[in-house]
Amino acid sequence: MNIFRLTGDLAHLIAIIILLHKIWKSRSCAGISGKSQVLFALVYTTRYLDLVTSYVSIYNTFMKFVFLATSYATIYLIYVKFKATYDHNHDTFRIEFLILPSLALALLINHYFNFLEVLWTFSIYLESVAILPQLFMVSKTGEAESITSHYLFALGSYRALYILNWIYRYATEGHYDLIAIVAGVVQTVLYCDFFYLYITKVLKGKKLQLPA
Amino acid sequence: GHLGGTHDEL
Numbered sequence: 020m021n022i023f024r025l026t027g028d029l030a031h032l033i034a035i036i037i038l039l040h041k042i043w044k045s046r047s048c049a050g051i052s053g054k055s056q057v058l059f060a061l062v063y064t065t066r067y068l069d070l071v072t073s074y075v076s077i078y079n080t081f082m083k084f085v086f087l088a089t090s091y092a093t094i095y096l097i098y099v100k101f102k103a104t105y106d107h108n109h110d111t112f113r114i115e116f117l118i119l120p121s122l123a124l125a126l127l128i129n130h131y132f133n134f135l136e137v138l139w140t141f142s143i144y145l146e147s148v149a150i151l152p153q154l155f156m157v158s159k160t161g162e163a164e165s166i167t168s169h170y171l172f173a174l175g176s177y178r179a180l181y182i183l184n185w186i187y188r189y190a191t192e193g194h195y196d197l198i199a200i201v202a203g204v205v206q207t208v209l210y211c212d213f214f215y216l217y218i219t220k221v222l223k224g225k226k227l228q229l230p231a
Numbered sequence: 081g082h083l084g085g086t087h088d089e090l
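So the protein sequences, as listed, match chains Y and U.
Per our numbering, the first sequence runs over residues 20 to 231.
Per our numbering, the second sequence runs over residues 81 to 90.
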């Protein structure tokens, strides 16, 4: 473990808590893409199946349960509890165009061709594009509430911090995982225009307006 | 390469 990965995991946890808290407090999921949340739940479910087969540390096990529980809780709030506030009209990204190519790529490019490893690889590829429905929804509505942009900033920062972790681990342990690194760079690049808008606008108290 | 075939990152 290193400071980059620890702060990355914390940024990830903070993002999830910001979102859950926002939906719970405002009793509304307006402006939130349920599709992205479904993709995240799929990412954690396929990635953390190794909870039953391998133990890394109490921290690792605890965080996996937290990410699984919070992602399903978020889906429950969006599609069950506050479904009346779910914005069907703007959450229209075709997620099958993200799931199927990720699965196909995982079957073609992986470290080992076995069930858990292919699912892990699928979760890595899917996570890199899982935010697209949310970014698409923000661009369609043309704006995002500031709390949603804080959520996106924390979520985008988590994988950016993981890139620093991968550099650190390569420099100190000679450890690297090219699949995770390439997907992580793609994932972080997808946030770049948002990061720019967040830093130039939201931090100056303006509303986040994405070019529609 | 992997840490003994398991992934040690979240």
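We treat Cβ as the ideally placed atom computed from N, Cα and C, and that holds for glycine.
Nearest residue (CA-CA) to residue i, options the options
i, options, result
"R113 (chain Y)", "Y:Y217, Y:L183, Y:K54, Y:L222", "Y:K54"
"F99 (chain Y)", "Y:W43, Y:A125, Y:F86, Y:V148", "Note that residue 99 (chain Y) is Val in the sequence shown, not Phe. Measuring from the Cα of V99 (chain Y), the nearest candidate turns out to be Y:W43."
"I150 (chain Y)", "Y:S73, Y:V201, Y:Y210", "Y:Y210"
"I118 (chain Y)", "Y:L70, Y:K225, Y:I128, Y:V57", "Y:V57"
"F116 (chain Y)", "Y:H109, Y:I200, Y:G203, Y:V148", "Y:V148"
"F172 (chain Y)", "Y:A190, Y:L227, Y:A199", "Y:L227"
"E136 (chain Y)", "Y:D196, Y:L229, Y:E164", "Y:D196"
"M82 (chain Y)", "Y:F101, Y:L127, Y:G27", "Y:G27"
"S90 (chain Y)", "Y:S52, Y:A190, Y:L127", "Y:S52"
"I37 (chain Y)", "Y:A49, Y:L216, Y:I166", "Y:I166"
"L61 (chain Y)", "Y:G50, Y:T80, Y:A88, Y:I77", "Y:A88"
"S158 (chain Y)", "Y:L25, Y:L39, Y:G50, Y:H40", "Y:G50"
Where residue i falls, given that 16 or more other Cβ within 10 Å makes a residue buried
i, result
"E146 (chain Y)", "buried"
"D212 (chain Y)", "exposed"
"G224 (chain Y)", "exposed"
"H107 (chain Y)", "exposed"
"H169 (chain Y)", "buried"
"H82 (chain U)", "Annotation note: pLDDT 44 at H82 (chain U) (below 50); position unreliable, coordinate value reported separately. The residue in question, H82 (chain U), is exposed, as its Cβ has fewer than 16 Cβ neighbours within 10 Å."
"T72 (chain Y)", "exposed"
"P152 (chain Y)", "buried"
"G193 (chain Y)", "exposed"
"R46 (chain Y)", "exposed"
Amino acids of chain U, ordered along the chain, whose beta-carbon sits closer than 9 angstroms to that of residue i
i, result
"R24 (chain Y)", "E89, L90"
"K83 (chain Y)", "L90"
Under 8 angstroms from the C-beta of residue i: neighbouring residues of chain U
i, result
"N79 (chain Y)", "D88, L90"
"D106 (chain Y)", "Per Cβ cutoff of 8 angstroms: no residues; D106 (chain Y) is ~30 angstroms from chain U at best."
Under 7 angstroms by beta carbon: chain U residues contacting residue i
i, result
"V75 (chain Y)", "T86, D88"
"D28 (chain Y)", "L90"
Problem set entry | Interface residues of the segment 44-73 of chain Y facing chain U [CB-CB below 7 angstroms] | D69, S73
Exercise. Touching or not, the segment 175-182 of chain Y and the segment 22-38 of chain Y, by the rule of three or more beta carbon pairs under 8 angstroms?
Worked result: yes
Exercise. Do the segment 131-149 of chain Y and the segment 54-73 of chain Y touch if we need at least three Cβ pairs shorter than 8 angstroms?
Worked result: yes
For this session: Select from the segment 192-205 of chain Y all residues with a C-beta closer than 8 angstroms to any C-beta belonging to chain U, and list them in chain order.
Result: H194, Y195, D196, A199
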